[in-house]
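Working notes, beginning with the structure itself.
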């Protein structure tokens with residue numbers, strides 16, 4: 003199964019990685035490794051994670067207070083958001099609505 007990023011999710015990923023890189027040497031790389039490890043779990047078991055709507059699910063990222071919001075589509079997994087668990091909850095919901103159309 004393939005995956006792709008919504009453009010805003012790709013930006014969120016790079017911003018979070020940069021934030022952790024500034025905090026501590028290699029922490030940005032650790033964050034990226036955990037994100038891609040979570041994506042691998044999603045691709046292996048796409049239906050195993052918490053459901054938000056018919057097509058939308060959330061996978062928590064180990065070691066960091068972030069989650070991946072994704073949808074399973076015919077063409078593969080679409081990552082809609084890389085979201086911090088305690089900042090601006092639900093800001094990404096419009097992406098879900100647009101993706102559901």
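In this note's numbering, the protein residues as written are 3 to 103. Don't be surprised by glycine CBs; every beta carbon is placed ideally from N, CA and C. Since this is a predicted model, take the numbers as computed values, not measurements.
Start and end residues, beta strand (DSSP E) containing residue 82: Position 80 of the chain shown, counted from the start, is the residue given in the question as residue 82. That run of the beta strand (DSSP E) goes 78-86.
Beta-carbon separation (whole angstroms), residue 5 vs residue 78, contact threshold 8 angstroms: The residue labelled residue 5 in the question sits at position 3 within the chain shown. The residue labelled residue 78 in the question sits at position 76 within the chain shown. Correct: roughly 6 angstroms between the Cβ atoms.
Three-state class that DSSP yields for residue 34 in the structure shown: To locate residue 34, count along the chain shown from 1; it is residue 32. Looking at residue 34 - three-state DSSP - the assignment turns out to be helix.
Beta carbon of residue 82 nearer than 8 angstroms to that of residue 11: Residue mapping note: residue 82 aligns to position 80 of the chain shown, counting from 1. Residue mapping note: residue 11 aligns to position 9 of the chain shown, counting from 1. Yes, they are a contact pair.
First and last residue of the uninterrupted alpha helix (DSSP H) at residue 25: As a working note, residue 25 is residue 23 in the chain shown. Taken as a continuous stretch (DSSP letters only), the alpha helix (DSSP H) holding residue 25 covers 9-25.
C-alpha distance - residue 71 paired with residue 35, whole-angstrom precision: One-based indexing of the chain shown puts residue 71 at position 69. One-based indexing of the chain shown puts residue 35 at position 33. When rounded, the distance between both Cα atoms is 17 angstroms.
Contact set for residue 80: own chain, Cβ-Cβ below 7 angstroms, skip 5 residues either direction: If you number the chain shown from 1, residue 80 lands on position 78. Closer than 7 angstroms at Cβ, skipping near neighbours: 6, 8, 72, 73 and 101.
Per DSSP, cross-strand counterpart(s) of residue 70: Translated into the one-based positions of the chain shown, residue 70 becomes position 68. In DSSP, residue 70 forms a bridge with 61 and 84.
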